[in-house]
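Contents: one structure, followed by commentary.
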């Protein structure tokens, strides 16, 4: 494994023990670090890293290690664990087992590199599932997410200024085929979309502040201009769900204001969109691009044709490190992740692993449907979390999910599980500590 890697893992362990004590009273602290990493990833992709034993270790890897240590520490100090959390732990175990299997065949560095995104997502979900969800705690979490979304929006505006001013500061984020407007990744655009959706309940109920209404308008316009079609679908369906859910609480003024805002934003977007270019790019497979639907679907079919063999591999997956080599519709071979969260999970942690994750999400959505908060001020309430789960489920079809999306799945679990934990209900690995149970 290498003395350098062992030393780094030992350092992570010490850091995790320190952070665990710091976060027992403020379990939302790691949330802020994940948001910071998400912003850093958008600014600099890939993240700065150090090399050790064939691995490039970056800030997200550090968060992954610390998250697992912190969650393990919480559980070992008596925090109750609910069924969805147990399912996520099971999925994590399958992923780690797949890494070990792959390490024996393809080498540990290759297996770990391929497993990173999966581990980020599951660790984020476990971390988020233990955060406190009282009214004040939800406001803190909301402020952290809004700061992340506002920072990404400001970054998009800055990059648009660079592009349209013709300044020589463009980077890997610049894509000429979208008229210079697609300056953030789909993941960053999804973060902004979710920020828009989390503020929408307060806006529709007429209780949003002036700043929140301004952010809703700014986030909505930014999502439309960034031209990620898959995120547009999430944006439209999420908004429609919210409007239907809150239709009885909406005043006529709010309805008219929302209608005018949508018309203005739509006309503004159309001013900058090249509709014919979008139509062509949606139907043609470009040999230099991985953004077309045809390109992806043909690759998915090839991965399945040459994927798991036998009941065991379908059950627990092909080991990490096997690679993603496949032929696509444009007539060439690629070796990049499949751009489909569900397919990637089936191929690497099997039907059992993706089943664990799906059941955790579906059970949380079901519980949220009947859950009522003690104080519903519109911040990360049950309806919002249902919309977020639906949005991420749709987004997972053409893309993978990262640590920040895992956090939101975890938060959806925490919303309904927190009252049970406070009552000491659930599975305990060790005898519960009363100070932690009542926290």
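Numbering (the numbering used here), first residue to last: 3 to 441.
We put the CB at the ideal spot given by N, CA and C, even for glycine.
Computed from a predicted structure; not experimentally measured.
Under the three-state DSSP convention, the category residue 186 falls into: coil
Per DSSP, cross-strand counterpart(s) of residue 83: 429
Looking only at its chain, what residues have a beta carbon closer than 6 angstroms to the beta carbon of residue 415, apart from the 5 residues adjacent to it on each side? 86, 131, 366
Quick check on the burial criterion: 16 or more other C-beta atoms within 10 angstroms. Buried or exposed for residue 432? exposed
Test item: CB-CB of residue 362 and residue 375 under 8 angstroms: no
Among residues of its own chain, excluding the 5 on either side of residue 99, which ones have a beta-carbon nearer than 8 angstroms to its beta-carbon? 318
DSSP state of residue 349 mapped onto helix, strand, coil: In the three-state reduction of the DSSP assignment, residue 349 falls in the helix class.
Between residue 137 and residue 117, how many whole angstroms is the CB-CB distance? I'm expecting something under 8 angstroms. Contact doesn't hold; Cβ gap of about 37 angstroms is too wide.
Check residue 320 in the structure and name its three-state DSSP category. coil
Does the segment 183 to 198 come within contact of the segment 220 to 228, defined as at least 3 CB pairs closer than 8 angstroms? yes
Pair within 8 angstroms by beta-carbon distance, residue 154 and residue 190: yes
Unbroken stretches of the beta strand (DSSP E), 3 residues or longer, contained in the segment 181 to 231: none
For residue 203, I'd like the list of residues in its chain whose CB is within less than 7 angstroms of its CB, leaving aside the five on either flank, ordered along the chain. 244, 248, 380, 383, 385, 386
Can you tell which of 314, 364, 405, 408 has the C-alpha that lies nearest to the C-alpha of residue 388? 364
Suppose you measure from the CA of residue 323 to the CA of residue 217; what does that come to, to the nearest Å? 42 angstroms
Residue closest to residue 135, alpha-carbon to alpha-carbon, out of 168, 352, 395, 373: Ranking the options by Cα distance to residue 135, first place goes to 373.
Segments of 3+ residues assigned as beta strand (DSSP E) that fall wholly inside the segment 50 to 131: 51 to 54, 57 to 60
Please classify residue 178 as buried or exposed, where buried requires at least 16 other C-beta atoms within 10 Å of its C-beta. exposed
Please report how far the alpha carbon of residue 48 lies from the alpha carbon of residue 341, in whole angstroms. 18 angstroms
CB-CB under 6 angstroms to residue 69, same chain, minus the five flanking residues each way: which ones, in chain order? 125, 129
Buried or exposed by the 16-neighbour rule on C-beta atoms within 10 Å, applied to residue 445: Because the chain here runs from 3 to 441, residue 445 falls outside it and cannot be looked at.
For residue 444, the three-state DSSP class (helix, strand or coil): Residue 444 is absent from the model: the chain starts at 3 and stops at 441.
For residue 1, report the span of its alpha helix (DSSP H) as first-last. Absent from the model: residue 1. The displayed extent of the chain is 3 to 441, so no value can be given.
Distance between residue 147 and residue 208 (C-alpha atoms, nearest Å): When the Cα atoms are used, residue 208 and residue 147 turn out to be separated by approximately 21 angstroms.
On the DSSP bridge assignment, give the partners of residue 238 in chain order. Partner(s): none; residue 238 has no beta bridge.
Does the segment 37 to 44 come close enough to the segment 394 to 411 that 3 or more CB-CB pairs lie under 8 angstroms? yes
So residue 185 and residue 152 are supposed to be a Cβ contact under 8 angstroms. How far apart are they, rounded? Between residue 152 and residue 185 the Cβ distance is about 16 angstroms, and since that is not below 8 angstroms, they are no contact.
With a 10 Å radius around its C-beta and 16 neighbouring C-beta atoms as the bar for buried, classify residue 62 as buried or exposed. buried
The segment 74 to 89 contacting the segment 412 to 429, beta-carbon criterion three pairs below 8 angstroms: yes
How many angstroms separate the CA atom of residue 423 from the CA atom of residue 77? Approximately 12 angstroms, taken between the alpha carbons.
Using 8 angstroms for Cβ pairs, my map puts residue 400 next to residue 232. What's the rounded Cβ distance? 5 angstroms
Taking DSSP as the reference, what is the three-state secondary structure of residue 47? Here residue 47 sits in coil by DSSP.
Through-space distance from residue 301 to residue 337, alpha-carbon basis: Rounded to the nearest angstrom, the two C-alpha atoms are 10 angstroms apart.
Which of helix, strand or coil does DSSP assign to residue 159? helix
Straight-line CA distance for residue 92 to residue 359? 9 angstroms
Less than 7 angstroms between the CB of residue 155 and some heavy atom of the ligand SAH, yes or no? Looking for the ligand SAH in the displayed structure turns up nothing, as the structure carries no ligands at all.
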